[in-house]
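From first to last, the protein sequence lines stand for chains A and B. For what it's worth, full-length UniProt numbering labels the leading residue of the first sequence as 1, then goes sequentially. For what it's worth, full-length UniProt numbering labels the leading residue of the second sequence as 1, then goes sequentially. Let me begin by presenting the structure, written as structure tokens, before commenting on it.
Protein chains: 2
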Amino acid sequence: MLPFARVSIIGLGLIGSSIARAVRQHMPTVRLTGHDADPGVRARAVAIDLVDDVADTPGAAVTDADLVILCVPVGAMAAVAAAVAADLPADAIVSDVGSSKAGVEAALQAALPGATIIPAHPVAGTENSGPDAGFATLFHGRWCILTPPEGAGEAAIVRLTAFWEGLGAKVEIMDARHHDLVLAITSHLPHLIAYTIVGTASDLEEVTQSEVIKYSAGGFRDFTRIAASDPTMWRDVFLANKDAVLEMLQRFSEDLTALQRAIRWGDGDALFDLFTRTRAIRRSIIEQGQDDARPDFGRSHE
Amino acid sequence: MLPFARVSIIGLGLIGSSIARAVRQHMPTVRLTGHDADPGVRARAVAIDLVDDVADTPGAAVTDADLVILCVPVGAMAAVAAAVAADLPADAIVSDVGSSKAGVEAALQAALPGATIIPAHPVAGTENSGPDAGFATLFHGRWCILTPPEGAGEAAIVRLTAFWEGLGAKVEIMDARHHDLVLAITSHLPHLIAYTIVGTASDLEEVTQSEVIKYSAGGFRDFTRIAASDPTMWRDVFLANKDAVLEMLQRFSEDLTALQRAIRWGDGDALFDLFTRTRAIRRSIIEQGQDDARPDFGRSHE
């Protein structure tokens, strides 16, 4: 028994196109409809046969759906929800894949009063964007967090859970505010820091851009991957999850100041203690299957 | 014509053991001698046949070497250099692989007056440590920076260049102070930031350690790799390259404060501009062969 028969995906970028491919692979009888605001992306989706039907408007994409997934930047959720409101079937479940949840929940509830809304966040991705960047196994072994609003029906939660598990994900239920705090430290702050240091490195006068690139294997290149992520998506995340991000940033800055002081005063023990402590976390991440155990993330060494 | 016939490696960790394996692969007729301060590492080196001879003291390891490479944490360079001084052949070239160079140059010159000293830094590594972590291809396509002191003989530079090129590296000559500035931004600051954020994440009360680990695929896990690097090595780097690291850290902090302000005031354009700019650097790093072009560094997705 499939949890849904007709799935509509609005936004055919990395995540939307990965869902489409994963549905095709794991639930081949599901009827897939898609829409993207960009006509070029719609044409590409047709060309690569990403979904069964590419609709020209968001409304036309949802008319007979039993699951609608909004895969657009969080700043665009309100407008897209408003654009499907008139055509949304009464029994459809509306979900999304946004990286912040409290703001998205509020936006969807305001735009779609009375609809069954179960926001979701698959914690998976790569630094690439667009309909060609997606792949069917993106969600395998990754967590998808559902943040059902107060009073959400149990049946809808169960069906959406079955859907994501069907795509290979593990599902966790969480309060939207707690989600936003957890993701602020595990995702949003890392992106903010990566964007910052790549910017700092490219603004130096004493060190040329070409030197930064040549010697990036010393550690810098690890930061450039997430600093190559989609700018619109990430602008929206920081604006939408402002309070939690600023809170985590404040703690990080305090810790950085403490390390700065340890370096200035030559306090080797303080440095050594922290550097020893941080090894354990990576070990746990690998043990729990959330990263590659091979050195260098499994990068090729010829 | 091999540049050296008898190579001595002091310190058989990740880098020392990688040099040994690379020499065996690319220059099989070279006689390799090794020493490590840790008796357990020496026993392991014998067991895995890492080098032709494992010596019990640093002095015994260098008696007939024409190239001696010190592969120990930069804080240990002075003591190791002093320990080989009495046994060092007059015509041997002494080099090292330390991540900071001005301090190492001064330490080696003080301990080995009159010796031919050409400090070096192969910009390569993984997060793993010890004699089993090394591999022969670690230096392939990576840069090795030589920082010959003023007045260093051209012949010695040419021979050491040929040695590293023989192991598959590309060689660049640089002033030690400039090296320390370049590496402060491309390697030392990234490590400091990675260690800091992993520490920040593990100290939170509102978010559990288990949540940090579960949802690390949102970006955090990228930082944990370099935060799992050898604690002794990195403590020494920050103490040895204090001025350049503090200078880069200051610039990073200023840039982070500017972003913090942009988030606080909802200045989406400032965020978008930076996030767009940082994409180009990753593209260049990939084009120049300094990182894997595949998404997620080529991590496995089943």
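Just so you know, even glycine gets a beta-carbon here, dropped at the ideal spot from N, CA and C. These figures come from a predicted structure and were not determined experimentally.
Legend entry - Among B:VAL212, B:GLU154, B:ASP91 and B:ILE226, nearest to B:TYR195 - alpha-carbon criterion: Taking the second sequence and counting its residues from 1, one reaches residue 195 of chain B at position 195. Taking only the C-alpha atoms, the option nearest B:TYR195 is B:ILE226.
Legend entry - Any C-beta of chain A under 7 angstroms from that of B:THR147: Numbered from 1 along the second sequence, position 147 holds the residue referred to as residue 147 of chain B. No, B:THR147 does not count as interfacial toward chain A.
Legend entry - C-alpha gap between residue 307 of chain A and A:LEU192, whole angstroms: Since the first residue of chain A shown is 1 and the last is 302, residue 307 of chain A is not available in this structure.
Inset, instruction - Note down the Cα distance separating B:LEU70 from B:HIS35, rounded to an integer number of angstroms. - result: On the second sequence, position 70 is the one that residue 70 of chain B refers to. On the second sequence, position 35 is the one that residue 35 of chain B refers to. Whole-angstrom Cα-Cα distance: 10 angstroms.
Legend entry - First through last residue of the beta strand (DSSP E) which encompasses B:TRP143: Position 143 of the second sequence, counting from 1, holds the residue named residue 143 of chain B. Counting along the chain, the beta strand (DSSP E) containing B:TRP143 begins and ends at 143 to 146.
Inset, instruction - Using the DSSP secondary-structure output, state which residues sit across from A:THR33 in a beta bridge. - result: Translated into the one-based positions of the first sequence, residue 33 of chain A becomes position 33. Looking at the DSSP assignment, A:THR33 forms a beta bridge with A:SER8 and A:ASP53.
Legend entry - CA-to-CA distance, A:ALA61 to A:ALA47, given in whole angstroms: The residue you call residue 47 of chain A lines up with position 47 of the first sequence. The residue you call residue 61 of chain A lines up with position 61 of the first sequence. The alpha-carbon atoms of A:ALA47 and A:ALA61 are separated by roughly 18 angstroms.
Inset, instruction - Indicate whether at least one CB of chain A lies closer than 7 angstroms to the CB of B:ALA259. - result: As a position in the second sequence, residue 259 of chain B is number 259, starting the count at 1. In the sequence on display, residue 259 of chain B carries Leu and not Ala. Yes, B:LEU259 counts as interfacial toward chain A.
Inset, instruction - Could you have a look at B:LYS170 and say whether DSSP puts it in helix, strand or coil? - result: Your numbering for residue 170 of chain B matches position 170 in the second sequence. Here B:LYS170 sits in strand by DSSP.
Legend entry - Host alpha helix (DSSP H) of A:VAL94 (start-end): Taking the first sequence and counting its residues from 1, one reaches residue 94 of chain A at position 94. Not the alpha helix (DSSP H): A:VAL94 falls in the beta strand (DSSP E), residues 93 to 96.
Inset, instruction - Tell me whether the beta-carbon of B:PRO119 lies closer than 7 angstroms to the beta-carbon of B:CYS144. - result: Residue numbering aside, residue 119 of chain B sits at position 119 when the second sequence is read from its first letter. Residue numbering aside, residue 144 of chain B sits at position 144 when the second sequence is read from its first letter. Against a cut-off of 7 angstroms, the Cβ pair of B:CYS144 and B:PRO119 comes out as no contact.
Inset, instruction - Measure the alpha-carbon distance for A:ALA176 versus B:GLU172 and round it to whole angstroms. - result: For this step, residue 176 of chain A is matched to residue 176 along the first sequence. For this step, residue 172 of chain B is matched to residue 172 along the second sequence. In a straight line, the C-alpha of A:ALA176 is about 52 angstroms away from that of B:GLU172.
Inset, instruction - Would you please verify whether the beta carbon of B:GLY130 is less than 7 angstroms from any beta carbon of chain A? - result: On the second sequence, position 130 is the one that residue 130 of chain B refers to. By this cut-off, B:GLY130 is not an interface position.
Legend entry - Within chain A, the residues that B:THR200 reaches when beta carbons sit closer than 7 angstroms: Sequence index remark: in the second sequence, residue 200 of chain B carries index 200 (1-based). The contacting residues are ARG251, PHE252 and ASP255.
Legend entry - Best match in A:GLU247, A:ARG142 and A:ALA22 for proximity to B:GLN260 [C-alpha to C-alpha]: Residue 260 of chain B sits at position 260 when you count from the first residue of the second sequence. Of the candidates A:GLU247, A:ARG142 and A:ALA22, the one whose C-alpha sits nearest the C-alpha of B:GLN260 is A:GLU247.
Inset, instruction - Tell me, please, whether the CB atom of B:ARG299 is closer than 7 angstroms to any CB atom in chain A? - result: Here the question's residue 299 of chain B lines up with position 299 in the second sequence. For B:ARG299, the answer is yes, since a Cβ of chain A falls inside 7 angstroms of its Cβ.
Inset, instruction - Give me the Cα-Cα distance between B:ARG21 and A:PRO295, rounded to the nearest whole angstrom. - result: Position 21 of the second sequence, counting from 1, holds the residue named residue 21 of chain B. Position 295 of the first sequence, counting from 1, holds the residue named residue 295 of chain A. Between B:ARG21 and A:PRO295, the C-alpha separation is close to 17 angstroms.
Inset, instruction - Can you grab the Cα-Cα spacing for the pair A:SER8 / A:GLY199, in whole Å? - result: Here residue 8 of chain A refers to the residue found at position 8 when the first sequence is read from its first residue. Here residue 199 of chain A refers to the residue found at position 199 when the first sequence is read from its first residue. Each residue's alpha carbon lies about 38 angstroms from the other.
Inset, instruction - Along the alpha helix (DSSP H) that carries B:HIS179, what are the first and last residues, could you check? - result: Taking the first residue of the second sequence as 1, we reach residue 179 of chain B at position 179. 176 to 183 is the extent of the alpha helix (DSSP H) around B:HIS179.
Inset, instruction - Jot down the residue ranges of each uninterrupted alpha helix (DSSP H) in the segment 234 to 266 of chain B, minimum 4 residues, whole runs only, in chain order. - result: 242 to 264
Legend entry - Best match in B:ASP291, B:PRO113, B:PHE135 and B:GLY98 for proximity to B:ALA240 [C-alpha to C-alpha]: Here residue 240 of chain B is taken as the residue at index 240 of the second sequence, counted from 1. Of the candidates B:ASP291, B:PRO113, B:PHE135 and B:GLY98, the one whose C-alpha sits nearest the C-alpha of B:ALA240 is B:GLY98.
Legend entry - C-beta neighbour in chain B for A:SER187, strict 7 angstroms: For the purposes of this step, residue 187 of chain A is taken as residue 187 along the first sequence, with counting starting at 1. Interface residue, yes.
Legend entry - Own chain, CB closer than 6 angstroms to B:VAL41, minus 5 neighbours either side, in chain order: Against the second sequence, residue 41 of chain B aligns to sequence position 41. Closer than 6 angstroms at Cβ, skipping near neighbours: LEU12 and PRO131.
Inset, instruction - Verify the CB distance criterion: does A:LEU181 have a CB-CB separation below 7 angstroms to chain B? - result: The residue given as residue 181 of chain A occupies position 181 in the first sequence. Yes, contact with chain B.
Legend entry - Within-7 angstroms CB hit, B:VAL237 to chain A: For the purposes of this step, residue 237 of chain B is taken as residue 237 along the second sequence, with counting starting at 1. Chain A contact via Cβ: absent.
Inset, instruction - May I ask you to report which of helix, strand or coil DSSP gives A:THR161? - result: Against the first sequence, residue 161 of chain A aligns to sequence position 161. Helix, per DSSP.
Inset, instruction - Scan the segment 65 to 106 of chain B and note each continuous alpha helix (DSSP H) run of 4 residues or more that stays entirely inside, going in chain order. - result: 77 to 84
Inset, instruction - Just mark B:THR161 as buried or exposed, buried being the case when its beta carbon has 16 or more other beta carbons within 10 Å. - result: Numbered from its first residue, the second sequence carries residue 161 of chain B at position 161. When all chains shown are included, B:THR161 counts as buried.
Legend entry - Host alpha helix (DSSP H) of B:ALA61 (start-end): Against the second sequence, residue 61 of chain B aligns to sequence position 61. From DSSP, the alpha helix (DSSP H) with B:ALA61 extends over 58 to 62.
Legend entry - A:GLY103 burial status per 10 Å Cβ neighbour count (16 or more: buried): As a first step, residue 103 of chain A must be located in the first sequence, where it is residue number 103. Buried, since its Cβ has 16 or more Cβ neighbours within 10 Å.
Inset, instruction - Report the option in A:GLY268, A:ALA169, A:LEU138 and A:ARG264 whose CA atom is closest to the CA atom of B:LEU249. - result: Residue 249 of chain B sits at position 249 when you count from the first residue of the second sequence. Closest option to B:LEU249, Cα to Cα, is A:ARG264.
Legend entry - B:ALA169 versus A:THR147: straight-line alpha-carbon distance, rounded: Reading the second sequence from its first residue, position 169 is the one you call residue 169 of chain B. Reading the first sequence from its first residue, position 147 is the one you call residue 147 of chain A. Taking the straight line joining both Cα atoms gives about 50 angstroms.
Legend entry - A:PRO58 beta carbon less than 7 angstroms from that of A:VAL80: Position 80 of the first sequence, counted from the first residue, corresponds to residue 80 of chain A. Position 58 of the first sequence, counted from the first residue, corresponds to residue 58 of chain A. Yes. Within cutoff.
Legend entry - Own chain residues within Cβ distance below 7 angstroms of B:ALA5, not counting five before or after: The residue given as residue 5 of chain B occupies position 5 in the second sequence. If we look at B:ALA5 and ignore the five residues flanking it on each side, its Cβ neighbours are VAL30, ARG31 and ASP66.
Legend entry - B:PRO231 in three-state terms, based on DSSP: Within the second sequence, the letter at position 231 stands for residue 231 of chain B. Correct three-state label for B:PRO231: helix.
Inset, instruction - Kindly say whether A:ARG177, judged by its beta-carbon, lies nearer than 7 angstroms to any beta-carbon of chain B. - result: In the first sequence, residue 177 of chain A corresponds to position 177, counting from 1. No, because no Cβ of chain B sits closer than 7 angstroms to the Cβ of A:ARG177.
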